[in-house]
Amino acid sequence: MNTRLSLKACFSFSKSRGFLLLFLILGVLAGSAVSVFFPLFEGQTVFPLLFSGIPQLSFGFFLCFSTLLLNSLLSLLFLFFSGLTVFAFFTVPAFFLVKGFSVALGLFFFFSDTARLIEGLIFYAPAAALSLLFLFWFSAYSLSFSERLRKSFFSSQAPISPENRSFFQVYLGFFFRFLVCLMGISFLSAMPAGVYSALFS
Numbered sequence: 584m585n586t587r588l589s590l591k592a593c594f595s596f597s598k599s600r601g602f603l604l605l606f607l608i609l610g611v612l613a614g615s616a617v618s619v620f621f622p623l624f625e626g627q628t629v630f631p632l633l634f635s636g637i638p639q640l641s642f643g644f645f646l647c648f649s650t651l652l653l654n655s656l657l658s659l660l661f662l663f664f665s666g667l668t669v670f671a672f673f674t675v676p677a678f679f680l681v682k683g684f685s686v687a688l689g690l691f692f693f694f695s696d697t698a699r700l701i702e703g704l705i706f707y708a709p710a711a712a713l714s715l716l717f718l719f720w721f722s723a724y725s726l727s728f729s730e731r732l733r734k735s736f737f738s739s740q741a742p743i744s745p746e747n748r749s750f751f752q753v754y755l756g757f758f759f760r761f762l763v764c765l766m767g768i769s770f771l772s773a774m775p776a777g778v779y780s781a782l783f784s
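Counting from 584, one number per residue, gives the positions in the sequence shown under our numbering.
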């Protein structure tokens, strides 16, 4: 049996993708509702870094890059380790529910003030969208590996079999590939902060 996790695995879980997208949308709606009906941003009561890991342009390149990368890395690690359990069907949707909520809070923080609107459009929105896209993409592999483990536990096949070891090696390889991609996204998303610091500091 071929144990390779091909790129087609991302598109073989149409029901799972729709299910995850539903939770992401629910999180965005919940975060939007909280932002609209509660005065969270008056006097910076809620700071976007607390929820979404997106700093402000004035922080400079290195702080913005490290914050973006740390947030992306923690999210990717959560999805990766969820795939190593039989509970990814529950933990991955919960992750996207919380992620959607936090992204909505971050967007409303920037869009609640016209002075921060441009900053949100050129800095926050692209970084959040690209990170979510890659995390959403990787979640298919997480669900795939978790499903394989679940079937192994309820069958005569040993969970730690040579076939599953080979499957894990490919899964780990995809984790590092996505990590490199998220590093690139963090670097590019932090570039406006570097330009801003060079021009206005």
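Just so it is clear, CB atoms sit at the ideal spot from N, CA and C, and this is done for glycine as well. Just so it is clear, the structure is predicted and the values come from calculations on it, not from any experiment.
What is the residue span of the alpha helix (DSSP H) that residue i lies within?
i, result
"GLY666", "644 to 666"
"PHE706", "Neither: PHE706 is in no alpha helix (DSSP H) and is coded neither H nor E."
"LEU640", "No alpha helix (DSSP H) holds LEU640; DSSP gives it neither H nor E."
"PHE693", "671 to 694"
Out of curiosity, what's the CA-to-CA distance linking residue i and residue j?
i, j, result
"LEU603", "ALA723", "10 Å"
"PHE606", "LEU726", "15 Å"
"SER729", "PHE670", "7 Å"
"PHE758", "ALA712", "19 Å"
"ILE701", "PHE692", "12 Å"
"CYS593", "SER685", "Since pLDDT at CYS593 reaches only 44, below the 50 mark, its modelled position is unreliable, and the value read off the structure follows with that caveat. Looking at the two C-alpha atoms, the distance is approximately 24 Å."
"TYR707", "LEU652", "14 Å"
"SER665", "GLN752", "16 Å"
"PHE694", "ALA613", "17 Å"
"GLY689", "ARG748", "40 Å"
"SER714", "ALA773", "13 Å"
"PHE750", "SER615", "40 Å"
"ILE768", "THR674", "25 Å"
"CYS764", "LEU782", "28 Å"
"LEU609", "PRO676", "11 Å"
"MET766", "SER735", "34 Å"
"THR650", "PHE678", "19 Å"
"PHE719", "SER658", "11 Å"
With 16 as the cutoff for other CB atoms within 10 Å, does residue i come out buried or exposed?
i, result
"SER641", "exposed"
"GLY683", "buried"
"VAL611", "buried"
"PHE620", "exposed"
"GLY601", "exposed"
"ARG760", "exposed"
"ARG731", "buried"
"LEU680", "buried"
"LEU662", "buried"
"PHE645", "exposed"
"LEU704", "exposed"
Is any heavy atom of the ligand GDP found at a distance shorter than 7 Å from the C-beta of residue i?
i, result
"PHE642", "Among the ligands in the structure shown, none appear at all, so the ligand GDP cannot be discussed."
Smallest Cα separation from residue i: which of the options?
i, options, result
"LEU667", "GLY777, LEU755, LEU762 and PRO709", "LEU755"
"PHE721", "GLY777, LEU660 and ASN654", "LEU660"
"ASN654", "LEU762, VAL617 and SER618", "LEU762"
For residue i, would you say it is in contact with chain D, using Cβ-to-Cβ distances shorter than 8 Å as the test?
i, result
"ALA710", "Checking the listed chains, one finds no chain D in this structure; it contains a single protein chain."
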